Amino acid sequence: MIAYRETFLQGISNGLKTSLILIKVVIPFYILISILKETPIISYAANIFSPIMKYLGLPGDAAVAILAGYLVNLYAGIAVMIPLGLTAKQITILGLLLGLSHNLIIETLVLREIKTNYLLLLGVRISLSLVMAFTINQII
Amino acid sequence: MDFSNLITVIIISLKGAIFLSLKLLLIIVPLMVFYEFLKQITFFKKGGKVLDYLMGKVGLSSRAAIPLFTGIFLGIAYGAGIIIQEARERSLAKEEIFLIGLFLATCHAVVEDTLIFVIIGGNGCWILGPRIILALTFTFVLSRLFHYSNHRI
Chain A
1 MIAYRETFLQ GISNGLKTSL ILIKVVIPFY ILISILKETP IISYAANIFS
51 PIMKYLGLPG DAAVAILAGY LVNLYAGIAV MIPLGLTAKQ ITILGLLLGL
101 SHNLIIETLV LREIKTNYLL LLGVRISLSL VMAFTINQII
Chain B
1001 MDFSNLITVI IISLKGAIFL SLKLLLIIVP LMVFYEFLKQ ITFFKKGGKV
1051 LDYLMGKVGL SSRAAIPLFT GIFLGIAYGA GIIIQEARER SLAKEEIFLI
1101 GLFLATCHAV VEDTLIFVII GGNGCWILGP RIILALTFTF VLSRLFHYSN
1151 HRI
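Structure representation (structure tokens):
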């Protein structure tokens, strides 16, 4: 027996909560990065990283999205990505890269709390994200 | 960049940000409702059995189930409380905690993470597939290593 009304309301409530968490991050980062795009800061960072990005099949300024994802979280990374006008393939590569490795500061602190070798896990995540991005860029 | 230029950029980006937010709402809310109904039906029981079998294959006991599933579906950061609590209360072996950590480090919050990239135009199979394969392979290989040696991490 399913309590339709309760289940429906629970779903709405969970959906709104999750969406709000995302929206709170997306709006400020989206605006911030749009402003930064008008300044030389982005192209400066992009120039430094573009040699590496090339191997991942990504434009230089995607480095900013990766840094935002690594340090803050996926939604910060996505908010930075969207104004860059990437292709579907580049979005897929970034999706795998950031899926494997994001929100590193907070998540590494969480892993430290479960009393395990968190620094080793951190190293594994970052290496895997770069290796996998390089690999699927060759495959797809 | 002068001041009026800055205002223009802010207004345009605010519009873009609001549009993206609405898109997120329109996709996530119905999905969560759907997910709630799935949970009510036999979804979790059947999924549970399959995952139980897979867990055995990668060297994890059923005691690891709660922290593992919380992490897989909710994410490390969101499920932190449960993972920390479970890891302590159940006094899981050090090796097993590391295996859970390894699995979750590569594969967590998979529904939400994948969906969000699909919304903006990515290929879900290529984003999710490698993560699942990597998590299963790594956990399997390491559990064998732990099994055949007394090496402690």
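Protein chains in written order, with my numbering: chain A, 1 to 140; chain B, 1001 to 1153. C-beta: ideal position from N, C-alpha, C; glycine also. Small disclaimer: the values here were computed from a predicted structure and weren't measured.
Each of B:L1136, B:S1149, B:I1116 and B:E1089 was checked against the Cα of D1052 of chain B, and the nearest Cα belongs to B:L1136. The shortest C-alpha to C-alpha distance from A68 of chain A to any of A:Y55, A:S101, A:I114 and A:V110 is the one to A:S101. Selection A:I35, A:Y75, A:L119 and A:A133 evaluated against L1020 of chain B yields A:Y75 as nearest (Cα-Cα). Within chain A, the C-beta atoms nearer than 7 Å to that of G1101 of chain B come from L111, I114, T116 and L121, in chain order. S1004 of chain B does not reach chain A, its nearest Cβ partner there being about 12 Å away, counting only Cβ pairs nearer than 7 Å. Residue contact with chain B for Y30 of chain A: present (Cβ-Cβ distance below 8 Å to some residue of chain B). Counting C-beta atoms within 10 angstroms of its own C-beta, V1050 of chain B has fewer than 16 neighbours from the protein chains shown and is therefore classed as exposed. Setting aside the 5 residues that flank it on each side, I1132 of chain B is surrounded in the same chain by C1107 and V1110, each with a C-beta closer than 8 Å to its C-beta; the list follows chain order.
N137 of chain A: member of the alpha helix (DSSP H) spanning Y118 to I139, first to last residue. Annotation note: the stretch 32-120 of chain A contains the following uninterrupted alpha helix (DSSP H) runs of length 4 or greater, listed N- to C-terminal: 40-55, 62-71, 74-81, 88-100 and 104-113. Within the same chain, and ignoring the five residues on either side of L1099 of chain B in sequence, the residues whose Cβ sits closer than 7 Å to its Cβ are G1059, L1060, T1139, L1142 and S1143. At a cut-off of 8 Å between beta-carbon atoms, G95 of chain A makes contact with chain B. Listed along chain A is no residue with a C-beta nearer than 7 Å to that of I1133 of chain B; the closest approach is about 10 Å.
Using a CB distance cut-off of 8 Å, I78 of chain A counts as an interface residue toward chain B. Under the three-state reduction of DSSP output, A1093 of chain B falls in the coil class, being neither helix nor strand. If you check the CB distance, I42 of chain A and V64 of chain A come in under 8 Å. If you look at V1118 of chain B, you'll find it in the alpha helix (DSSP H) that goes V1110 to I1119. Taking a contact as a CB-CB distance under 8 Å, the pair P1130 of chain B and I136 of chain A counts as one, their CB atoms being some 7 Å apart. At a Cβ-Cβ threshold of 8 Å, A1064 of chain B and E1095 of chain B do not count as neighbours. Of B:S1013, B:E1089 and B:I1120, the smallest CA-CA separation from A88 of chain A is found for B:I1120. Contact of G15 of chain A with chain B is assigned, a C-beta pair being separated by under 8 Å.
The DSSP-derived three-state label of N1123 of chain B is coil.
Taking each of B:F1034, B:L1102 and B:F1103 in turn and checking the Cα distance to T7 of chain A, the smallest one comes out for B:F1034. 8 Å or more divides the Cβ of L1104 of chain B from the Cβ of T1114 of chain B. Put simply, the CB of Q10 of chain A is near chain B, with a gap under 8 Å to one of its CB atoms. Between L56 of chain A and I93 of chain A, the gap from beta carbon to beta carbon is short of 8 Å. Secondary structure of V1009 of chain B (DSSP, three-state): helix. In this structure S34 of chain A is buried. Its beta-carbon is surrounded by 16 or more other beta-carbon atoms within 10 angstroms.
Going by beta carbons, I78 of chain A and A1017 of chain B fall outside the 8 Å limit. Counting C-beta atoms within 10 angstroms of its own C-beta, S19 of chain A has 16 or more neighbours from the protein chains shown and is therefore classed as buried.
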